[in-house]
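Trainee: Below is a structure I'd like to ask you about.
Numbering (UniProt numbering), first residue to last: 1 to 173.
Dropping the structure here:
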């Protein structure tokens with residue numbers, strides 16, 4: 001009857017690990033229900049910490065609990081009759097679902113990055129076209145200015161000579 005009930009943290013709604021569940025069922029405001037329960041819990045924590053410190057692939061809390069308490073088919077020793085151990089198929093299924101979701105999230109993230117990169121690429125291409133057009137316009141203006149200067153030079157040179165002659169004549173007068 002209780003085998004399908006999954007223990008969850010009341011605040012986060014995340015599944016509670018088997019080691020935490022063991023603590024919940026064997027520890028209260030007065031302390032541990034027995035000295036053996038406290039020793040079992042300490043051993044579970046020690047195993048978990050050792051595995052994490054070694055960097056080894058962490059065993060599931062179910063396996064650590066079973067290593068410390070032992071296993072009986074269809075029954076989690078130390079947790080009472082209402083809690084059944086998760087089957088390896090269920091654990092594998094959950095892990096696979098999490099992996100699939102993680103990969104979907106990663107794929108979506110990469111898709112969004114690719115779209116953003118494509119959009120930025122198009123913006124840069126448009127900016128390059130705009131800059132080239134401005135450069136061409138500036139080149140055309142410069143060529144027109146240079147042509148005007150070349151046409152105006154003889155006139156300017158003649159005006160300069162005329163002004164110089166007038167200045168000289170004013171000085172002699």
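From the three backbone atoms N, C-alpha and C, an ideal C-beta is built for every residue, glycine too.
Quick caveat, the model's predicted, so the values are computed rather than measured.
#1: Tell me which same chain residues have a C-beta within less than 8 Å of the C-beta of residue 23, skipping the five on either side of it?
#2: Could you tell me which residues DSSP puts in a beta bridge with residue 28?
#3: Tell me the rounded alpha-carbon separation between residue 113 and residue 95.
#4: Going by DSSP in three states, residue 3 sits in which element: helix, strand or coil?
#5: Just the Cα atoms here: how many angstroms apart are residue 128 and residue 122?
#6: DSSP on residue 158, reduced to helix/strand/coil?
#7: Could you name the residues of the same chain whose beta carbon sits closer than 7 Å to that of residue 136, not counting the 5 residues immediately before and after it, in chain order?
#8: Pairs of beta-carbons, one from the stretch 41 to 52 and one from the stretch 97 to 113, closer than 8 Å: are there three or more?
Mentor: Taking the coordinates as given:
#1: 41
#2: 31
#3: 27 Å
#4: Note that residue 3 scores 40 on pLDDT, short of 50, meaning its location in the model is unreliable; the coordinates nonetheless yield the value given after this. Correct three-state label for residue 3: coil.
#5: 10 Å
#6: helix
#7: none
#8: no
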